[in-house]
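Numbering (this note's numbering), first residue to last: 775 to 1342.
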Amino acid sequence: MTTTYTTPPPAVPPAPGAPAGPPGGRPRRRRGPLARVLVVLGLVVALFVGVVAAVVGVAWARAATSTAGAVEFTRPLAVPPLAESRVEDGVRVFELEAREGVADLGASAPTPTIGLNGDYLGPTLRAARGERVRVDVTNALDETTTLHWHGMHLPPAMDGGPHQMVEPGETWSPTWTIDQPAATLWYHPHLHGQTASQVYRGLAGMFLLDDPGAADGPAADLPHEYGVDDVPVILQDKSFHADGRLENAVSFLSPVGTLGDTVLVNGTPGPYLDVTTERVRLRLLNGSDSRVYDVGLADGGTVQLVGTDGGLLPAPQTVERVRLSPGDRAEVVVTMAPGQRAVLRSFPPELGVNPLFERFSGGDDTFDLLELRAAPTLAPSPAVPDTLGTDPADTLDEADAVRTRTFQLSGRSINGRSMDMSRVDEVVTVGETEVWEVTGLDDTPHNFHVHDVQFRVLDVGGEPPTPDLGGWQDTVYVQPGRVTRLLVRFEASEGTTDPDTPYMFHCHLLTHEDQGMMGQLVVVAPGEQAPSRIDVPDGGTHPDHDAAPLPGDGTGPRRPDPAPHGGH
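In C-alpha cells:
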C-alpha cells in the first residue's frame, strides 16, 4: 500500500508592522459589537430565568400551609356580645362606634386593630322580622368608612355601600324595616378601594334575624340559645409582623389577595368551645379577604347543614364538608357525645384552577379551626327537624324569567369594565324574574355577591347545585370556565326602587373588589327610566380606575327588553 504525504505550504511571514496572526496562518475571527451584546443578554436572561425559577420554587414549597394536628387549643372561644338596643317610637335602635383598639390576637405582642364598640370586631346585632330598626353608626376613626348590611333586603340609600360614606366624627343613621326570613347575616365596611384593609383590621360583625312567624314551627327545635348552643364562628386568616402588627401584604404570586398563615375564630387564636348540650349550632361566616374554606370535622364525621346565606334550608342535609368563599355563611348542627372532643377543620378546597394558581390561592392549605369539648354530661337536645325553611324553587321559577343577563369576570373587571361610582351598569325592574349567567373567564378564583337580594342557584356548569347551594344565596363561588346560572328577583318594599341610588354586584374577594371588580345596578318601577350617570359623593372616586374604565363588552346601563322573553 502506498502512503501519500501532503506537505503544507510554507508559512508566509507577516508584512512589516502587521499584527501576527494565529498559528497556521488562519485569520482570527473577532466577535462584532452586536454579537457580544447578544451573548451578554443571553447570559442575563439565563441568569434571570434561573433566579425566577428558584424564587418560584422556594415560594411553591412555602406556599402550602397546614396546621392539622399542630394547634394547641388553649383559649376559650370569644363569643361576640349581643348588641344592646332600645326602642324609640316603635323603632329598635342600635349604636355602633368604629374606633381604634389594641387586641391580643396571638401574635408576639399586642396588635393594633380597629373594631366596633370594642377593640376588634363588633357585637352581634339581633332583630326580628317586621321590626323597624335604626343603627346609629359613629365614625371615631381618623379615616372615612362605611357599614354595609351584607345579605339584608333594604333600600339602597340604607345599604351602606360606597356611596354612603361616614366621615371621621360623623354619625350615619340608616333606618329600615326587617322584611325577610330568619337568617345569619353580617356587617362590614364597603369603602371603595379600602374594604379589604378595614375588614382585615377588624371592622365586621354578625347580624342575626329572627322570624316570629316561624317561632312555633319546626325550626323552633333547632339549638337557639345564643352563646350556649347557638354560636357564631367568624373565620378570618391573618399574618403578623414580628412586633405584632398585622401583615396584609399580597404575595406577588397570589392571584387572589391577602392569605394569612393563621386562622382566628371570633378573633381568638387556638380556640376551644365548651359544649354542654347534645347538639350545638355553629353559624359559620367566612370573614376573610380572599381565602376559601372547606369546613368539616377532622375525623371525617358528618354534620347537618341547616342554613345558608339567606336562611334555613327546606330540609337538613347531612354533609362532611361545607365550602365557604369570602362573604358566605352556613349554619351547621354538630351532634356530640359526652366527653367527646371534636376538631373543626378547613380542608384544602377545590378551586377548579390550574395547579400553580391553586397553590398560590390557598387551595392546598389545611387549618385546624376550633375544638369542641363536650362536658361529661350533656343536656338533651331535640332532633333536627325534617323540614325547616322555604324552598327557593317554590318561590322562583325559571319559566317566569323575562330576560337573561351575562356577567363575565376577568382580571379586575366585570363585562370588561372596572368599577366607576358614577356609572349605572344595570337597570332592573322591580318584581321581574331574571336569569343571571356568571362566568369566570380567567383561571383565577372569584365569587359573586349581589346586594339586596337572595337568589336561587339553578346550576353550575349545567350540573344541579350542591347541597351548600340548595338554599337562598347572596354570594356564590364562581368556578373558572363554568357558567353559574342564578335566578334573581328584586322584591318591592319601602324605598327599594330608586333610579339614582345604586346597589352593588361584585366579586367578594375583597382585594379584587377594591381593585375594581364591581358594578352598580339600580332598581326601578315598571316603566321608570334611570340615568346612565349618577352623582358621586366627594372623595368617592378611585383614581386608579374610575376615570378610565377598561375596554370590553360592558353595555351599561342595560335596560329591560322592550318585549320580555322566556328565560334561558
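Cβ atoms here follow ideal geometry from the backbone N, Cα and C, with glycine treated the same way.
For a minimum of 3 consecutive residues, which ranges assigned as the beta strand (DSSP E) are wholly contained in the segment 1088–1168?
Listed in chain order, the complete beta strand (DSSP E) runs (minimum 3 residues) inside the segment 1088–1168 are 1095–1098, 1103–1109, 1115–1120, 1141–1153.
Just the C-alpha distance for residue 1227 and residue 1239, rounded to the nearest angstrom, thanks.
Roughly 18 Å separates the two Cα atoms.
Out of curiosity, what's the CA-to-CA distance linking residue 974 and residue 1054?
In a straight line, the C-alpha of residue 974 is about 28 Å away from that of residue 1054.
Within 10 angstroms of its Cβ, does residue 1307 collect 16 or more other Cβ (buried), or is it exposed?
Classification for residue 1307: exposed.
Below 8 Å between beta carbons: does that hold for residue 1119 and residue 1071?
It is a contact, given that the beta carbons lie within the stated cut-off.
Tell me whether residue 1263 is buried or exposed, calling it buried when 16 or more other Cβ atoms sit within 10 Å of its Cβ.
Buried is the call here.
Taking residue 1060 and residue 1102 to be in contact with their CB atoms under 8 Å, please state how far apart those CB atoms are, rounded to whole angstroms.
Indeed they touch by this definition, with Cβ atoms about 5 Å apart.
Which whole runs of the beta strand (DSSP E) in the segment 919–1001 are 3 residues long or more, in chain order?
Listed in chain order, they are 922–924, 949–951, 957–962, 979–984.
Please classify residue 1173: is it buried, with 16 or more other beta-carbons within 10 angstroms of its beta-carbon, or exposed?
So residue 1173 ends up on the exposed side.
Going along the chain, which residues of its own chain have a beta-carbon closer than 7 Å to the beta-carbon of residue 1166, five neighbours each way excluded?
So the qualifying residues of the chain are 1230, 1245, 1246.
Tell me whether the segment 893–910 and the segment 943–954 touch, counting them as touching only if at least three CB pairs, one residue from each stretch, are closer than 8 Å.
At 8 Å Cβ cutoff, the stretches touch.
Closest to residue 1066 by CA distance: which of 1137, 811, 1107, 1091 is it?
Nearest option by C-alpha distance: 1137.
Should residue 860 go down as buried or exposed, given a rule of 16 or more other Cβ atoms within 10 Å for buried?
So residue 860 ends up on the exposed side.
Do residue 1109 and the ligand NAD come close, with the Cβ less than 7 Å from some heavy atom?
Ligands are entirely absent from the displayed structure, and the ligand NAD is therefore not among its contents.
Along the alpha helix (DSSP H) that carries residue 1286, what are the first and last residues, could you check?
Per DSSP, residue 1286 belongs to the alpha helix (DSSP H) from 1284–1288.
Is the distance from the Cβ of residue 1099 to the Cβ of residue 1282 below 8 Å?
Cβ atoms of residue 1099 and residue 1282: closer than 8 Å.
Looking at residue 846 and residue 910, is the spacing between their C-beta atoms short of 8 Å?
No.
Quick check on DSSP: helix, strand or coil for residue 1311?
Here residue 1311 sits in coil by DSSP.
Confirm, please, whether the CB-CB distance from residue 1291 to residue 1186 is below 8 Å.
Closer than 8 Å, so yes.
Applying the 10 Å Cβ sphere with the 16-neighbour rule, what's the burial state of residue 996?
By the 10 Å Cβ count, residue 996 comes out buried.
How close, in whole Å, do the beta carbons of residue 1096 and residue 1242 come, if the pair is a contact with beta carbons under 8 Å?
Indeed, because the Cβ distance is near 5 Å, the residues count as touching under 8 Å.
Should residue 1286 be labelled buried (16 or more other beta-carbon atoms within 10 Å of its own) or exposed?
Burial call: buried.
Short check: CB of residue 1210 to CB of residue 1179, under 8 Å?
Their beta carbons are under 8 Å apart, which means residue 1210 touches residue 1179 by this criterion.
Name the residue from 1077, 914, 1009, 1212 whose alpha carbon lies nearest to the alpha carbon of residue 1256.
Of 1077, 914, 1009, 1212, the residue nearest in Cα terms is 1212.
Indicate the three-state DSSP secondary structure (helix, strand or coil) for residue 1173 in the structure shown.
Three-state DSSP puts residue 1173 in a helix.
Can you tell me the Cα-Cα spacing of residue 881 and residue 1016, whole angstroms?
Whole-angstrom Cα-Cα distance: 8 Å.
Determine, using beta carbons only, whether residue 1033 and residue 1011 come nearer to each other than 8 Å.
The answer is yes: Cβ separation under 8 Å.
If you draw a straight line from the C-alpha of residue 1195 to the C-alpha of residue 977, how long is it?
Roughly 23 Å separates the two Cα atoms.
Ignore the nearest five residues each way along the sequence and tell me which others in residue 1116's own chain have a CB closer than 6 Å to its CB.
These residues qualify, in order along the chain: 1071, 1146.
On the criterion of 16 or more Cβ atoms from any shown chain inside 10 Å, does residue 811 qualify as buried, or is it exposed?
Answer is exposed; the Cβ neighbour count stays below 16.
Within 10 angstroms of its Cβ, does residue 1289 collect 16 or more other Cβ (buried), or is it exposed?
By the 10 Å Cβ count, residue 1289 comes out buried.
Identify the continuous beta strand (DSSP E) that holds residue 1068 and give its terminal residues.
Taken as a continuous stretch (DSSP letters only), the beta strand (DSSP E) holding residue 1068 covers 1067–1071.
Apply the 10 Å Cβ neighbour rule to residue 1221 and answer buried if 16 or more other Cβ atoms are within range, or exposed otherwise.
Result: buried.
Would you kindly check if the distance between the Cβ of residue 1087 and the Cβ of residue 1163 is under 8 Å?
A contact, by the Cβ cut-off of 8 Å.
With 16 other CB atoms within 10 Å as the buried threshold, where does residue 1092 fall?
By the neighbour-count rule (16 or more Cβ atoms within 10 Å), residue 1092 is not buried but exposed.
Going by beta-carbon coordinates alone, are residue 1106 and residue 1080 separated by less than 8 Å?
In contact: residue 1106 and residue 1080 (Cβ atoms closer than 8 Å).
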